[in-house]
Amino acid sequence: MKSIFRPALTLLLVLTVITGVIYPLVVTGIAQVAFPAQANGSLIKRHGRLIGSRLIGQPFSAPRYFWSRPSASSPQPYNGLDSGGSNLGPLNPALIAAVKARIAALRAADPGNHAPIPVDLVTASGSGLDPDISLAAAYYQAGRVARARGLSVAEVRELIAAHARGGELGVLGDPRVNVLELNLALDTMK
Amino acid sequence: MTAQSWGLLALFLAVTLLAVKPLGLYMARVMEGEPVAGLGAGARLEALIYRFCGIDPAGQMGWKRYAIALLVFNALGALLLYALQRAQYWLPLNPQHFAGPPPDSAFNTAVSFITNTNWQSYTPETTMSYLTQMAGLAVQNFLSAATGIVVAIALIRGLARHSARTIGNFWVDLTRVTLYVLLPIAMVLALVLVSQGVIQNFSRYKTVNLLQPVTYQQPRVNAAGQPLASASGAPLMRTVTTRTQTLPMGPVASQEAIKELGTNGGGFFNANSAHPYENPNALTNLLEMLAIALIPAALTYTFGHMVGDTRQGWAVLAAMVIMFVGLYAVCNHSEQRGNPQLAALGVDQLPSSQQSGGNMEGKEVRFGIAGSTLFATIATTTSTGAVNSMHDSYMPLGGMVPLFDMMLGEVVFGGVGSGLYSMLIFAIIGVFIAGLMIGRTPEYLGKKIEAFEMKMSAVAILVMPFIVLMGTAVAVSLAAGRAGTANPGAHGFSEILYAFTSAGNNNGSAFAGISADTAFYNTALGIVMWLGRFWPIVAVLAIAGSLAAKKRIPVSAGTMPTHGPTFIALLIGTVLLVGALTFVPALALGPIAEHLMLWSH
Chain A
944 MKSIFRPALT LLLVLTVITG VIYPLVVTGI AQVAFPAQAN GSLIKRHGRL
994 IGSRLIGQPF SAPRYFWSRP SASSPQPYNG LDSGGSNLGP LNPALIAAVK
1044 ARIAALRAAD PGNHAPIPVD LVTASGSGLD PDISLAAAYY QAGRVARARG
1094 LSVAEVRELI AAHARGGELG VLGDPRVNVL ELNLALDTMK
Chain B
13 MTAQSWGLLA LFLAVTLLAV KPLGLYMARV MEGEPVAGLG AGARLEALIY
63 RFCGIDPAGQ MGWKRYAIAL LVFNALGALL LYALQRAQYW LPLNPQHFAG
113 PPPDSAFNTA VSFITNTNWQ SYTPETTMSY LTQMAGLAVQ NFLSAATGIV
163 VAIALIRGLA RHSARTIGNF WVDLTRVTLY VLLPIAMVLA LVLVSQGVIQ
213 NFSRYKTVNL LQPVTYQQPR VNAAGQPLAS ASGAPLMRTV TTRTQTLPMG
263 PVASQEAIKE LGTNGGGFFN ANSAHPYENP NALTNLLEML AIALIPAALT
313 YTFGHMVGDT RQGWAVLAAM VIMFVGLYAV CNHSEQRGNP QLAALGVDQL
363 PSSQQSGGNM EGKEVRFGIA GSTLFATIAT TTSTGAVNSM HDSYMPLGGM
413 VPLFDMMLGE VVFGGVGSGL YSMLIFAIIG VFIAGLMIGR TPEYLGKKIE
463 AFEMKMSAVA ILVMPFIVLM GTAVAVSLAA GRAGTANPGA HGFSEILYAF
513 TSAGNNNGSA FAGISADTAF YNTALGIVMW LGRFWPIVAV LAIAGSLAAK
563 KRIPVSAGTM PTHGPTFIAL LIGTVLLVGA LTFVPALALG PIAEHLMLWS
613 H
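For the record, the sequence lines run as chains A and B.
The first sequence runs 944 to 1133 under the numbering used here.
The second sequence runs 13 to 613 under the numbering used here.
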């Protein structure tokens, strides 16, 4: 048995050092030199203050901002320490009730808008931190944002188009805009 | 299905298939012990390791010794991982000062990562220190993957060798796979992921200022931390406003790379590959899917090359690809169709140039329906179990596909190594059934399939359904089991069935609404994961040893070819028949019942 026990234990320790210490340290070292912004969280700084990450969504409820997707994290939406989805099944009455409430909130903030609401705007994301909304969801909100800021709808739609992403290699990535970047751009306009 | 959904599938399969031959050949070279060009420094390191560990690299093992070495190595790994978690509070690289998880959770996690399952009953970003993640969990991402691969290689040797008493050297196989296959690919992938935004640091968690403060309700608690309730029993809430958001940090990319490459699937964060810091865009999503498929697909070529007939490997791969396309199509169609109850509320779920549409509950906009369902299919046909969307919120049939993928025994690509060895067991069963039909002694690759091989194959195949169905039955019979479900009705049953299917197949994905961090689920699923992993492995090694000892029979007119379309159809038929016969009754109680209820509204 000793002829098996000794190699098992020593090999376990050696491979732990190689794959569990040396490997992540080497990756960290190269990453911090070659891609420091990405490796540290793609953080956005304004006037010396950290105001978010390009990759992590934030909640918005004011009419003058584009709203992000609903977030299932608790206790507050977009809680960075509680990533995850609602895990509500498609038949669950709680899901239907939540969607109804979200529709009501969107309609109340924009009474004249009777267009169908894009699905991503009334469903919770998988991460609870989704930084994007679909292009459809952005255009749906353009009228409300324009009114709240005294801009023309055309200006807001132009801004959305300028921030549109998706369709890499023809099949990658769905049409979308980054909500935080879009709202930061709005704030510099007006 | 949209054109984009087909296009993404085509791109994914094309890149995977292009990599099969070069990587398969490379792995064959590595496993046959040949010196590998460009890795001279590796050879010196390898020799040093063997000397330090007292390993004779020339020594060959019979199947029993190989199996014992594997079991001892993995048992020690489980003990070390358990100890590391429990002691993390006193160890370095714990900037958030997390205490060690309690015993039942630490036991579950240790077994989970040793067995390549990576079921996670804990919330990583508020539980595990950086040291536990990188020197514990990520290490087992490498070693459990290597363990799976070496078992597949041992079975291939059993088929390739004849009149032999040995099937290889476990220590050497494990070391070479880790050093020459897993490490270099993981290193490159990790750096590419960082370049796209996956984080890699050892900082404390960052606090950022929100653009718009958020106001929310929070339960009021007394001095002891217990929630307070009003006289009528309703919880008392208070209104809180926060101006900040806390962003978790850590060495994510290095773990993310091996998490996918080794078909492990344990996320650095709770949201797993849905988390933007694990999977920031559509390109990383594609790379992570490719990393999952790469080694399981290429091992079919390694197999063909080592048994001296590459057509044998292509036949197995063809059967896998055909089943994969079918499973993806069902899942994608179901999700793209959307939820009729939301359609009734006037929600726009139609795909257009401005949105992917479909059922977006639990999905990320940057992946849409195509990138979510393809990821779900590749992560559950393999033993990965990573998720970039929440399967619990899939439509009934869309969610049944990941469940059924696992129930097939994860042989469509399958886990690294475990997919190939399980598929070869199905091939043995397939030729046995065909042999019965035409009244000949079954043989596979010149080896007679006899009573011992069939007994062991039956053990290897039947353990999984047995522990999955028994586990589910026990859980739904006990209050402790039923207490975990988050959704009412048939969907709640699906959550329990999914949990045991995931554990029994060492997958690790979940219908994640289930509250599995309880003593009951941590213990029950821990036992199921261990049996689901090592019982079949011992049976497979026994078959390898028995086949290696046999003489090779020359091909004759009566030999059934095992590389043509007939065999591919036979193999697919065997897999589907065993999977369907075993699990359709259980599926009828869960997703199928739910589907009928939804569309009859």
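Ideal Cβ placement from N, Cα and C applies to all residues, glycine included.
Please compile the residues from chain A whose C-beta is within a distance smaller than 7 Å of the C-beta of residue i.
i, result
"Leu354(B)", "Val1042, Val1062"
"Pro292(B)", "Leu998"
"Trp183(B)", "Pro950, Leu954"
"Met407(B)", "Pro1033"
Interface residues of chain E around residue i at Cβ under 8 Å?
i, result
"Leu1094(A)", "Here chain E cannot be found, since the structure's protein chains are A and B."
Which residues in chain B have a C-beta closer than 7 Å to the C-beta of residue i? List them in chain order.
i, result
"Ala974(A)", "Leu203, Val206, Gln212, Ala265"
"Arg992(A)", "Asn221"
"Leu1049(A)", "What Leu1049(A) touches in chain B: nothing, since even the nearest Cβ is about 11 Å away."
"Ala1005(A)", "Gln224"
"Pro1074(A)", "Pro288"
Let me know the secondary structure DSSP gives residue i once reduced to three states.
i, result
"Ser996(A)", "strand"
"Gln97(B)", "helix"
"Thr497(B)", "coil"
"Leu354(B)", "helix"
"Tyr456(B)", "strand"
"Tyr228(B)", "strand"
"Lys562(B)", "coil"
"Pro414(B)", "helix"
"Ala1079(A)", "helix"
"Gly54(B)", "helix"
"Asn234(B)", "coil"
"Leu1074(A)", "The sequence as given places Pro at residue 1074(A); Leu does not occur at that position. In the structure shown, Pro1074(A) sits in coil (DSSP, three-state: anything other than H, G, I, E or B)."
"Met140(B)", "coil"
"Met572(B)", "coil"
"Lys375(B)", "coil"
"Ala241(B)", "strand"
"Thr393(B)", "helix"
"Ala1025(A)", "Sequence inspection shows Asp at residue 1025(A); the Ala mentioned does not correspond to that position. Looking at Asp1025(A) - three-state DSSP - the assignment turns out to be coil, as it is neither helix nor strand."
"Pro979(A)", "helix"
"Leu222(B)", "strand"
"Gly338(B)", "helix"
"Arg1090(A)", "helix"
Please go through the same chain and pick out, in chain order, the residues whose beta-carbon is closer than 8 Å to the beta-carbon of residue i, but skip the five residues on each side of it.
i, result
"Thr219(B)", "Thr256, Gln257, Thr258, Leu259"
"Arg1087(A)", "Pro1006, Ala1052, Asp1053, Asn1056"
"Ala90(B)", "Ala122, Val123, Ile126"
By the criterion of Cβ-Cβ separation under 8 Å, what are the contact partners of residue i in chain A?
i, result
"Met402(B)", "Gly1027, Gly1028, Ser1029, Asn1030, Gly1069"
Kindly list the residues whose CB is nearer than 6 Å to the CB of residue i, restricted to its own chain and excluding five residues on each side of it in sequence; keep chain order.
i, result
"His345(B)", "Met13"
"Val32(B)", "Ala309, Ala310, Tyr313"
"Leu107(B)", "First, the residue type needs correcting, since residue 107(B) is Pro and not Leu in the sequence shown. Only Arg216 meet the Cβ criterion."
"Pro477(B)", "Thr594"
Suppose contacts are defined by Cβ-Cβ distances below 8 Å. Is residue i in contact with residue j by that definition?
i, j, result
"Ala472(B)", "Ala551(B)", "yes"
"Trp547(B)", "Val123(B)", "no"
"Gly630(B)", "Ala502(B)", "Residue 630(B) is absent from the model: chain B starts at 13 and stops at 613."
"Ile307(B)", "Val428(B)", "yes"
"Phe85(B)", "Leu955(A)", "yes"
"Leu205(B)", "Glu268(B)", "yes"
"Tyr192(B)", "Leu37(B)", "no"
"Gly170(B)", "Ala556(B)", "yes"
"Asn120(B)", "Asn534(B)", "yes"
"Tyr289(B)", "Val184(B)", "no"
Apart from the five residues just before and just after residue i, which ones in its own chain have a Cβ nearer than 7 Å to its Cβ?
i, result
"Asn282(B)", "Thr135, Pro136, Glu137"
"Lys271(B)", "Asn153, Gly277, Gly278, Ala398"
"Arg452(B)", "Gly570"
Going along chain B in order, which residues have a C-beta closer than 9 Å to the C-beta of residue i?
i, result
"Gly995(A)", "Val220, Asn221, Leu222, Leu223, Gln257, Leu259"
What does residue i reach in chain B if we use C-beta pairs closer than 8 Å?
i, result
"Asn1035(A)", "Asn499, Pro500, His503"
For residue i, return the contacting residues in chain A, with the cut-off set at a CB-CB distance below 9 Å.
i, result
"Thr190(B)", "Leu958, Ile961, Thr962"
Item checked: contact_flag[the region 21-31 of chain B, the region 401-414 of chain B] where n(CB pairs < 8 Å) is 3 or more -> Result no; under three Cβ-Cβ pairs closer than 8 Å.
Checklist line | Cβ pair count under 8 Å reaching 3, the region 386-396 of chain B against the region 504-523 of chain B | finding: yes
Margin query: Check whether the region 977-993 of chain A and the region 218-234 of chain B are in contact - that is, three or more C-beta pairs closer than 8 Å.
Written below: yes
Next item on the list: Taking 8 Å as the threshold, find out whether the region 1105-1124 of chain A comes into contact with the region 1062-1081 of chain A through three or more Cβ pairs.
Entry: Contact between the region 1105-1124 of chain A and the region 1062-1081 of chain A is present, because at least three Cβ pairs lie under 8 Å.
Next item on the list: Specify whether the region 325-338 of chain B and the region 238-248 of chain B touch according to this definition: at least 3 beta carbon pairs, one from each stretch, less than 8 Å apart.
Entry: no
Notebook entry, point to check: Are there three or more Cβ pairs, one per stretch, closer than 8 Å when the region 1059-1073 of chain A is compared with the region 1018-1030 of chain A?
Noted result: yes
Note to self: Whether or not the region 364-375 of chain B and the region 1088-1101 of chain A are in contact is what I'm after, with contact meaning three or more pairs of Cβ atoms, one per stretch, closer than 8 Å; do they touch?
What the structure shows: no
Check: Are three or more beta carbon pairs between the region 339-353 of chain B and the region 581-595 of chain B nearer than 8 Å?
Finding: no
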